[in-house]
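Asker:
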Amino acid sequence: MTKAKNDKAAIQPGQSIRRELTVGEVAERCDVAVSALHFYESKGLISSWRTSGNQRRYSRDVLRRVAIIKVAQSTGIPLAEIRQALATLPNGRTPTAKDWAKLSAGWREDLDQRIRQLTQLRDRLEGCIGCGCLSMDNCPLRNPGDQAAEQGRGALYLSED
Ligand code: FES
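So, in C-alpha cells, the structure goes:
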C-alpha cells in the first residue's frame, strides 16, 4: 500500500473507529483482490455477514487473518492447513502476536520437512542431469530408494489386465 493510501486510511483525532468493513475496504487495506477475499471465504478461511441490502461486511479481525493467510501462502502452506490453524482461534477476535507465534511454530516444522524432501529430490536430480535414461533400475528419480527391489523380482508394475 502506498503512503498516500496509508494517510487516507489513517484515523483522524476525534474520529471513531467503525467496527465493520466492506469487502472493498478489506481488499484495499490488505492489498488483495476482492475475488481473493471471496475465494478465502468460500474456503472457510474468513467469514462475513450480509447487510439487509445483501452486501458483505467483515469484522476488523479479518485484516490480521488475511495477513496471516498471505504470509502462510507465501511459504507454501496449503489452504486446508491454514483453515485448520485459523479455526483454532476464537471467532471474531483479532489474532494476537502470541497466536501468530503459535501458528508459525507449527508451520515451521512443515517447512523444515518440505525443505528436507526438496533437498533430497535435488540431490537425486543431480545424477540425472545430462543422463536421460529414466531407467527403473538405475534412476533415483524413477525408483527412489529402489522400492521395486524390496517388493521382489520381475515386472512388478505391469497389470494383469
Ligand atoms: S535419468 Fe538416468 S539416472 Fe536418472
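In the numbering used here, the protein residues as written are 434 to 594. Think of the CB as a built atom: it goes at the ideal place given N, C-alpha and C, for glycine as much as any other residue. Keep in mind it's a predicted model, so treat the numbers as computed, not measured.
Going by DSSP, which residues form a beta bridge with Ser492?
Answerer: Glu453
Asker: Once DSSP output is grouped into helix, strand and coil, what is the label at Arg575?
Answerer: coil
Asker: Look up Arg483 in the DSSP assignment and say whether it is helix, strand or coil.
Answerer: Residue state, collapsed to three classes: strand.
Asker: Apart from the five residues on each side of it in sequence, which residues of its chain come closer than 8 Å, Cβ to Cβ, to Gly457?
Answerer: Val467
Asker: Just to confirm my understanding: we take Asn524, look at its own chain, exclude 5 residues before and 5 after, and list those with CB closer than 7 Å. What are they?
Answerer: none
Asker: In whole angstroms, give me the CA-to-CA distance for Gly477 and Glu542.
Answerer: 24 Å
Asker: In chain order, which alpha helix (DSSP H) runs of at least 4 residues are fully inside the stretch 487–547?
Answerer: 495–507 and 512–520
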